[in-house]
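Q:
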Amino acid sequence: MNLWSSELAKLAANAMLVQRISNVNALSAICEKTGASVDEVAYACGLDHRIGKGMLKAGPGFGGSCFRKDILSLVYLSETLGLPEVANYWRGVVDINEYQKDRFTKRVISCLFNTLTNKKIAVLGFTFKKNTADIRESPAITMVTNFLSEGAQVAVYDPRARKQQILVDLHQARDDTVALENNLMICGDAYRACDGADAVVVLTEWDEFSNVDLPTPEVQTADPVALRRSTVLDPNANNFVPEGTKHKEEELCAVSAFLSALKVRNVKVGSPHITSDEEGLEGSRVRVPVTPAQTVPQWRIDWVRIARGMRKPMFVFDGRNILDHGKLQRLGFRVEVIGKASLTEANVQC
Ligand SMILES: NC(=O)c1ccc[n+]([C@@H]2O[C@H](COP(=O)([O-])OP(=O)(O)OC[C@H]3O[C@@H](n4cnc5c(N)ncnc54)[C@H](O)[C@@H]3O)[C@@H](O)[C@H]2O)c1
Ligand SMILES: O=c1ccn([C@@H]2O[C@H](COP(=O)(O)OP(=O)(O)O[C@H]3O[C@H](CO)[C@@H](O)[C@H](O)[C@H]3O)[C@@H](O)[C@H]2O)c(=O)[nH]1
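Residue numbers for the sequence shown follow this note's numbering, beginning at 10 and rising by one.
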């Protein structure tokens with residue numbers, strides 16, 4: 010492979026991946042207008058083996074350090090080579106991603122009766138995807154900035170993003186430090202973030218936010234690697250392993266065996282093990298690979314408790330399509346989901 014092929018191959022792979030995400034995000038807008046469900050559409054498309062199942066999850070827009078940069082490299086390259094049509098073609102992918110973030114912001118504003126002034130928005134998840142502390146290019150940066158610009162009070166909770174990093178990135182995104190100081194709160198747990206909130210906006214697909222019934226143990230063995238990554242241990246529990254410890258595979262198996270023996274199989278709901286408002290939680294948690302037998306996440310937020318603390322009418326905006334919406338509605342939430350028509354009967358304009 011020659012040098013140019015090699016350089017272009019990296020950009021091209023990412024470009025093709027973001028095109029898939031952007032296709033499905035663009036389709037999510039059509040789904041919301043028509044009553045189709047974007048997950049169903051993506052599932053059906055994914056069954057065509059020529060398309061395949063990956064990278065078809067609608068969301069609030071792609072983020073991360075690579076995708077935007079690589080597409081903009083293609084744009085720059087095309088312009089430099091005198092290919093403006095090609096540059097515009099790739100720029101369109103970046104533009105549709107910005108549109109997705111703005112579209113979701115507008116949906117929140119519209120549902121909250123067209124104003125966010127003096128309303129409290131709880132943002133659950135700040136990282137660009139789950140299981141990382143990285144917030145670079147995260148759609149949450151744009152959305153929180155938009156909410157603040159609309160006069161909202163914003164409370165952010167993310168299991169791993171560092172408070173300082175969130176502040177630095179938000180400062181870069183907006184000049185108005187006063188709004189950040191007065192109207193932004195970064196919380197150490199979801200309950201504090203949601204307390205007194207008018208709306209909860211889920212922006213990262215962290216397992217701990219889910220209220221979906223857990224799969225049976227047989228089903229859980231499907232993808233041990235992915236499931237390993239999702240396991241979070243309680244630092245107060247006996248099975249806690251300090252972060253930074255380098256685990257050999259045998260040691261990890263030993264931890265798994267130990268957990269097996271303890272039968273640590275049930276999800277704990279509702280008891281946050283972190284309460285500090287002040288620090289990022291990077292040092293307080295650890296993700297430990299486990300065998301498929303211990304594949305359930307150890308901790309999930311209690312949506313009943315969230316509901317109890319919120320102002321009425323209370324909204325949930327599921328930007329990742331990860332929640333059981335029926336359950337939330339039974340708790341009294343008005344639920345709005347990316348890529349689905351409004352589930353809120355009382356507010357047809359959403
Ligand atoms: N990051 C990846 O997963 C990845 C994968 C394949 C290739 N690359 C390429 O490698 C090159 C270097 O990328 P990189 O990301 O590894 O190195 P980097 O020098 O850009 O960042 C180093 C580390 O600093 C941390 N960091 C920096 N800014 C942060 C922020 N705002 N929030 C949270 N954490 C932050 C991240 O943990 C990151 O891994 C790029 O060209 C990229 O396209 C990166
Ligand atoms: O179906 C999907 C898949 C991903 N995303 C979003 O896309 C972004 C990037 O996700 P992902 O690709 O999983 O993470 P990265 O770490 O950014 O990895 C990408 O960028 C790396 C750096 O170039 C490459 O090595 C990887 O192959 C490429 O997937 C995140 O915001 C995801 O939420 C979606 O919205 N829908």
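All C-beta atoms, glycine included, are put in the ideal place defined by N, C-alpha and C. Keep in mind the model is a prediction, meaning the values are calculated, not measured.
Excluding the 5 residues preceding and the 5 following residue 41 in the sequence, name in chain order all residues of the same chain whose CB lies nearer than 7 Å to its CB.
A: Taking the first residue of the sequence shown as position 1, residue 41 is located at position 32. Once the five neighbours on either side are set aside, the close Cβ partners of residue 41 are 348, 349, 350.
Q: Ligand 2 heavy atoms versus the CB of residue 23: any closer than 6 Å?
A: Here residue 23 is taken as the residue at index 14 of the sequence shown, counted from 1. Because some heavy atom of ligand 2 lies under 6 Å away, the Cβ of residue 23 counts as near it: yes.
Q: In chain order, what residues of the same chain lie with their CB nearer than 7 Å to the CB of residue 434, ignoring the 5 residues before and after it?
A: Absent from the model: residue 434. The displayed extent of the chain is 10 to 359, so no value can be given.
Q: Would you say the beta carbon of residue 62 is closer than 6 Å to some non-hydrogen atom of ligand 2?
A: As a first step, residue 62 is located in the sequence shown; it is residue number 53 there, counting from the start. Flag unset: Cβ of residue 62 not near ligand 2.
Q: Relative to the C-alpha of residue 308, which residue among 123, 212, 168, 108 is closest?
A: Position 299 of the sequence shown, counted from the first residue, corresponds to residue 308. Among 123, 212, 168, 108, the Cα nearest to that of residue 308 is on 168.
Q: What residues in its chain sit with their C-beta under 6 Å from that of residue 188, if we drop five residues either side in the sequence?
A: Looking up residue 188 in the sequence shown gives position 179. Excluding positions up to five away in sequence, the list reads 157.
Q: Take every Cβ of the stretch 213-227, pair it with every Cβ of the stretch 308-317, and state whether three or more of those distances are shorter than 8 Å.
A: Taking 8 Å as the limit for Cβ pairs, the verdict is that the stretch 308-317 does touch the stretch 213-227.
Q: Suppose you measure from the CA of residue 106 to the CA of residue 197; what does that come to, to the nearest Å?
A: Counting from 1 along the sequence shown, the entry for residue 106 is found at position 97. Counting from 1 along the sequence shown, the entry for residue 197 is found at position 188. The straight-line gap from Cα to Cα measures roughly 29 Å.
Q: May I ask you to check if the CB of residue 328 is nearer than 6 Å to at least one heavy atom of ligand 2?
A: On the sequence shown, residue 328 is found 319 positions in, with the first residue counted as 1. Every heavy atom of ligand 2 is 6 Å or more from the Cβ of residue 328, so no.
Q: At which residue ranges does the stretch 79-141 contain complete beta strand (DSSP E) runs of 3 or more residues, listed in the order of the chain?
A: Segments of the beta strand (DSSP E) lying fully in the stretch 79-141: 129-133.
Q: So which of 340, 154, 344 has the shortest CA-CA distance to residue 330?
A: Translated into positions along the sequence shown, residue 330 becomes position 321. Per the Cα distances, 344.
Q: If you measure from the CB of residue 113, is any heavy atom of ligand 2 nearer than 6 Å?
A: Translated into the one-based positions of the sequence shown, residue 113 becomes position 104. Not so, every heavy atom of ligand 2 lies at least 6 Å from the Cβ.
Q: Measuring straight from C-alpha to C-alpha, what distance separates residue 69 and residue 116?
A: The residue labelled residue 69 in the question sits at position 60 within the sequence shown. The residue labelled residue 116 in the question sits at position 107 within the sequence shown. Cα to Cα, residue 69 sits roughly 11 Å from residue 116.
Q: Which of helix, strand or coil does DSSP assign to residue 169?
A: The count along the sequence shown starts at 1 and reaches residue 169 at position 160. Three-state DSSP puts residue 169 in coil, outside helix and strand.
Q: Contact between the stretch 176-195 and the stretch 46-53: three or more CB pairs below 8 Å?
A: No contact exists between the stretch 176-195 and the stretch 46-53.
Q: Quick check on the DSSP output: what are the complete beta strand (DSSP E) runs of length 3 or more inside the stretch 174-226, in order along the chain?
A: If we require 3 residues or more, the beta strand (DSSP E) runs fully inside the stretch 174-226 come out as 193-196, 208-211.
Q: Can you look up residue 77 in the DSSP assignment and give me helix, strand or coil?
A: Translated into the one-based positions of the sequence shown, residue 77 becomes position 68. Residue 77: helix per DSSP, three-state reduction.
Q: Could you tell me which of 126, 222, 333, 20 sits nearest to residue 211, measuring between CA atoms?
A: Indexing the sequence shown from 1 puts residue 211 at position 202. Nearest of 126, 222, 333, 20 to residue 211, Cα basis: 333.
Q: So, for residue 125: in the same chain, excluding its five sequence neighbours on each side, which residues have a beta-carbon less than 7 Å away from its beta-carbon?
A: In the sequence shown, residue 125 corresponds to position 116, counting from 1. Once the five neighbours on either side are set aside, the close Cβ partners of residue 125 are 118, 156, 159, 160, 161.
Q: Measure the alpha-carbon distance for residue 39 versus residue 202 and round it to whole angstroms.
A: Counting from one through the sequence shown, the residue named residue 39 turns up at place 30. Counting from one through the sequence shown, the residue named residue 202 turns up at place 193. Going from the Cα of residue 39 to the Cα of residue 202 covers about 32 Å.
Q: Sorted by chain position, which residues of the same chain lie with C-beta nearer than 7 Å to residue 272's C-beta, five sequence neighbours on each side aside?
A: For the purposes of this step, residue 272 is identified with residue 263 of the sequence shown, where counting begins at 1. Here residue 272 scores only 45 on pLDDT, less than 50, and its place in the model is too uncertain to base an answer on.
Q: Any idea if residue 109 is buried or exposed, counting beta-carbon neighbours within 10 angstroms, 16 or more meaning buried?
A: What you label residue 109 is simply residue 100 of the sequence shown in a count that begins at 1. The residue in question, residue 109, is buried, as its Cβ has 16 or more Cβ neighbours within 10 Å.
Q: Could you pull the start and end residues of the alpha helix (DSSP H) that residue 345 belongs to?
A: By one-based count along the sequence shown, residue 345 stands at place 336. Looking at the DSSP string, residue 345 is not in any alpha helix (DSSP H); the run it does join, the beta strand (DSSP E), is 343-346.
Q: With DSSP as the reference, label residue 164 as helix, strand or coil.
A: As a first step, residue 164 is located in the sequence shown; it is residue number 155 there, counting from the start. DSSP places residue 164 in strand when its eight states are reduced to three.
Q: Is the closest heavy atom of ligand 2 to the C-beta of residue 30 under 6 Å?
A: Residue 30 sits at position 21 when you count from the first residue of the sequence shown. Yes, since a heavy atom of ligand 2 falls inside the 6 Å radius drawn around the Cβ of residue 30.
Q: Got a sec, what are the start and stop residues for the beta strand (DSSP E) residue 326 sits in?
A: Walking along the sequence shown from the start, residue 326 turns up at place 317. Per DSSP, residue 326 belongs to the beta strand (DSSP E) from 324-327.
Q: CB-CB under 6 Å to residue 342, same chain, minus the five flanking residues each way: which ones, in chain order?
A: Counting from one through the sequence shown, the residue named residue 342 turns up at place 333. Counting only Cβ-Cβ distances below 6 Å, and skipping sequence neighbours, we find 323, 325.
Q: Taking the alpha-carbon positions, what's the residue 103 to residue 319 distance?
A: For the purposes of this step, residue 103 is taken as residue 94 along the sequence shown, with counting starting at 1. For the purposes of this step, residue 319 is taken as residue 310 along the sequence shown, with counting starting at 1. C-alpha separation (whole angstroms): 36 Å.
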